[in-house]
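All residue numbers for the sequence shown refer to this note's numbering, where the first residue is 610 and numbers rise by one.
Each residue gets a CB set at the ideal place from its N, CA and C atoms; glycine is no exception.
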Amino acid sequence: MLYLIRSIALFPLIGVDAHPVQGNQYRVDTIDPGFWAEGKLQPGDLLVEVNGESPSESFVLRTFEYLEMASSIKIVRESAGESQELSFDIPSDLTRNELVFRLILPSLSMLVFASFAFFVYRRKKEDPAAIYLILFFLSIGLAYLSSFSSGKGDLIGRTIMTIAFPAVPLTFLLFLNRYLLRYGKIFASRKVMTVMWGGFVLNLLLQVVEVFRFIGIKPEVLMAYFALGNLYILYKLIREYIAHRESDLKSLFKLTLLGQMVGFLPFLLLFGVPRLFGVPFIPVEAAAICLLGLPLVYLYMFTTQRLFDIDFFLSRFSYYTMLAFVPTLIITGLAVLIMSQNQLPWLNWVQLFLIVYLLITVFLFGKEFLDHRLRPKWSKDLNNFQGSLDRFSSRISRVMKQADLERVLEQEIRTILPIRDVKFFSYEQDAASMNRTTGKPGQTASAPTPENEQVAAQAVRELAESGRKLAVGVAVVLSRGLAVVIGQKRSTYHILWVGDKTNRTKFNLDELSWLKTLANYSAIVYENLYLIENLIGDLEAEMSKRQGTPTWVLRMIFQLAESERRKLASDLHDSALQDQLIWYRKLEAAMLDHELSEELRNDLTDIREGLLDVIHQIRETCNELRPPLLTEMGLVESLRSLFEQQQIRANYSIEFEAGPLTEALSDEATLTLFRIVQELLVNAGKHAKASRIWIELGQENGIRLRYKDDGIGLAQEKLGDSYQHMGLSGIKERVRSLAGKIRFFSEPGEGLEVDIWLPEKTAVSEGEDGKDGHDSNLAG
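Here is the structure:
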């Protein structure tokens, strides 16, 4: 390497091809543009002396017919029939471009390739494919560095170039064959490899013949082998990608194909193939720069466990390329227009800056609109993610247990992502310990499998080592898979572990954002489950302490019951009742529109009356489930209406006295009193067999309700045992839920008396003793 650097530094390229003529002299044939001889020598000049000696004494000129590695020359130029002898001293100093593109950049590239090779050896020296990747890197670096010495005719540089340049496609094929063997694939057949080895050896033999037998071999032979070898690689990569576009190897072949195209296509299409016809489009220095992208692709592919999502990259690249085209076109046009004006230069630059600044600002505003309209159509994955979030949010509304949430979450992730496995476990960050694991759907936390234990233990260890501050939605990339926090309870975190994707690609930004949103949704459900768990725990503790149900629990239960009553009444009214009315109208219309026999008309009349009775019963049931206009009419008027209806249906009379109520009752107290009276009337008709009922409602430092009937009554000591049969137990619990008081008086044959008192203002936090403070359980 040091010799090649010295060769490049001491002898700049002259760029002259010459052929021998009589008398050990050489005549100039062509002069390559961009080199030292341009503008100094001319085709037809006769070389009579090189480095103070006969031209035939120059090894480079004699062997390769190049005028290179010379410090001084003497020529004879024929002009207008006269001969003119000219002498030139060739400086050893490199120009700035030569220093950068022919010395510094190739040297740094060689160092980079050598560093990559050393890195691969340290990381993967036990992998058989590593040696071929190392040879591939070194071949590219040496071919790039030695190309300038080879172009000068330096024997060592030319020998290295002859070995390294054709070794690039050969070692790459060897690497791919060995690398894909782990997936059970053979990239190049034995016949192809035999041809490649044969071509490689043939290039070496031609180099030997050229040096020792003085037979000129054109560099186009070497370029043809290189070009054909890489074109074959591109062809095979395209075929393999098409063959595996539906398999897990799709991303692998797409990434390899992209790297090969970016690295070699500019070199082949703009320099290599045109050079075969003598018309390269770009200089070799510019073409060789593209090769520097190759080692990055293959180093990443070989050493990492995951590939970056090439589909995501290409989708974003094409989308942003499309967006950038119009602004670039406008800015370029305006820049040409401004710079063509004859005005002060600084004024041109100020105008250009202001216009570009304004256009970019307008473009960024427009990009928001374009992202909304075009991006979902351009990237179909966005629609999948949005549909997934809608579906997931709908399904979690029915989740009642943690296992159900985990099952729904796993199903959604498996539907969208091509992943290998999904697991759940809890992680105590302070103790860095694993509390439990779950794996396949239906598996419980009490029966973790060894595989789940191993995955969770490794994940916990890596989470502890990462030192990341965890929170809901945080995703941590692990050596295997991805850990996402989906719930938190104090210092315990619920972790969703998502295994590696089957196509070996990394999780892209859209997938990570989608997983974070799922985690936030799940955290809300986890929080609700925690609250329910705490509520049940407080309830059990309270009941064990008081030997009874707390008033706040009774109140919540009655509120839930009333809510369900309203829903049921609404469903009955909107479905069953309306259907009955429709069939009743149809039956009436049929009886009026058709001639019927007397017997059939009587039967249909009975059916119509039966339907009418059912409609009436459904309406009554709806009214009982949801008292109509209770809030609007007030308690007193609603009770009067109830009594009128009950006296029509039942065999008892009701005397009702209502005193003035100075304080307006709350909706909850109004509904509670109404339900109590309903239950007492049902008890009077079904069990007490009463004929007269007296009810009094008034205000005595609260709301006082007195009830009395002349029913069969019951012994006082048996009254408690009969609560569950007579509905009186529910009345007592309703009163207790509002922190009220109730007393029962009854003897056989003397009817039943009930005295109820409710406070005017019932605080939610007050219980029977005024010290029950459990409303925190009802808060989110």
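{"Item": "Nonlocal neighbours in the same chain, by C-beta distance under 6 angstroms from HIS853, ignoring five residues either side", "Value": "LYS859, PHE862"}
{"Item": "Test item: CB-CB of ILE1321 and ALA1293 under 8 angstroms", "Value": "no"}
{"Item": "C-alpha distance - GLU1369 paired with SER1247, whole-angstrom precision", "Value": "19 angstroms"}
{"Item": "C-beta contact flag for LEU703 and ILE614 at 8 angstroms", "Value": "no"}
{"Item": "Cβ contact check for the region 1116-1128 and the region 1080-1098: 3 or more pairs under 8 angstroms", "Value": "yes"}
{"Item": "Alpha-carbon spacing of SER1250 relative to ALA1198, whole angstroms", "Value": "34 angstroms"}
{"Item": "Distance CB(LEU1447)-CB(LEU1213) smaller than 8 angstroms", "Value": "Residue 1447 falls outside the range modelled here, since the chain spans only 610 to 1389, and no answer is possible."}
{"Item": "Simplified DSSP assignment, three categories, for GLY1307", "Value": "strand"}
{"Item": "ILE1304 and VAL1286 closer than 8 angstroms at C-beta", "Value": "yes"}
{"Item": "Identified DSSP bridge partners for PHE1402", "Value": "Lying before the first or after the last residue shown, residue 1402 is absent from the chain, which here runs from 610 to 1389."}
{"Item": "Extent of the continuous beta strand (DSSP E) to which LYS550 belongs", "Value": "Coverage of the chain is limited to positions 610 through 1389, which leaves residue 550 absent and any answer about it impossible."}
{"Item": "Straight-line Cα distance separating PHE876 from LEU720", "Value": "21 angstroms"}
{"Item": "GLY1360 versus ALA1178: straight-line alpha-carbon distance, rounded", "Value": "34 angstroms"}
{"Item": "Candidates LEU967, TYR850, ARG1004: closest to VAL1134 by CA position", "Value": "ARG1004"}
{"Item": "Presumed contact (8 angstroms Cβ cut-off) between ILE699 and ALA679, rounded CB distance", "Value": "6 angstroms"}
{"Item": "Separation of LEU864 from LEU1121, as counted between CA atoms", "Value": "21 angstroms"}
{"Item": "First and last residue of the uninterrupted alpha helix (DSSP H) at GLN1097", "Value": "Per DSSP, GLN1097 belongs to no alpha helix (DSSP H); it is in the beta strand (DSSP E), 1091-1098."}
{"Item": "In chain order, each alpha helix (DSSP H) run of at least 4 residues that lies wholly inside the region 1202-1270", "Value": "1207-1234, 1239-1242, 1244-1258"}
{"Item": "Cβ pair count under 8 angstroms reaching 3, the region 1260-1274 against the region 1228-1242", "Value": "no"}
{"Item": "Euclidean distance between Cα positions of ASP1147 and PRO1237", "Value": "36 angstroms"}
{"Item": "The region 1094-1111 / the region 1021-1028 touching (three or more Cβ pairs under 8 angstroms)", "Value": "yes"}
{"Item": "Inter-residue spacing [alpha-carbon to alpha-carbon] between LEU956 and TYR966", "Value": "15 angstroms"}
{"Item": "Simplified DSSP assignment, three categories, for SER716", "Value": "helix"}
{"Item": "Start and end residues, beta strand (DSSP E) containing GLU855", "Value": "Run containing GLU855: none; DSSP gives neither H nor E here."}
{"Item": "Close-in-space but distant-in-sequence residues of the same chain around LEU670 (CB under 7 angstroms, 5 per side omitted)", "Value": "ALA627, TYR635, VAL659, PRO664, LEU676"}
{"Item": "Span of the alpha helix (DSSP H) around ARG711", "Value": "Where ARG711 is concerned, there is no enclosing alpha helix (DSSP H), given that its DSSP letter is neither H nor E."}
{"Item": "Burial state of ASN786, where buried means 16 or more other Cβ atoms lie within 10 Å", "Value": "buried"}
{"Item": "One or two residues paired with ALA627 in a DSSP bridge", "Value": "VAL637"}
{"Item": "Inside the region 655-688 only - beta strand (DSSP E) runs reaching at least 3 residues", "Value": "655-659, 681-688"}
{"Item": "Check whether VAL830 and LEU840 have beta carbons under 8 angstroms apart", "Value": "no"}
{"Item": "ILE623 to GLU666 span [Cα, whole Å]", "Value": "18 angstroms"}
{"Item": "Collapsed DSSP secondary structure at ALA1054 in the structure displayed", "Value": "Caution applies to ALA1054, whose pLDDT of 39 falls short of 50 and renders its modelled position unreliable; the value that the coordinates give is listed next. It is coil, neither helix nor strand."}
{"Item": "Reference ASP1119; option with closest CA among LEU1026, TYR1130, LEU714, LYS1078", "Value": "LEU1026"}
{"Item": "For TYR612, three-class secondary structure by DSSP", "Value": "helix"}
{"Item": "ILE740 - DSSP class collapsed to helix/strand/coil", "Value": "helix"}
{"Item": "Alpha-carbon spacing of ILE1191 relative to ASN1211, whole angstroms", "Value": "21 angstroms"}
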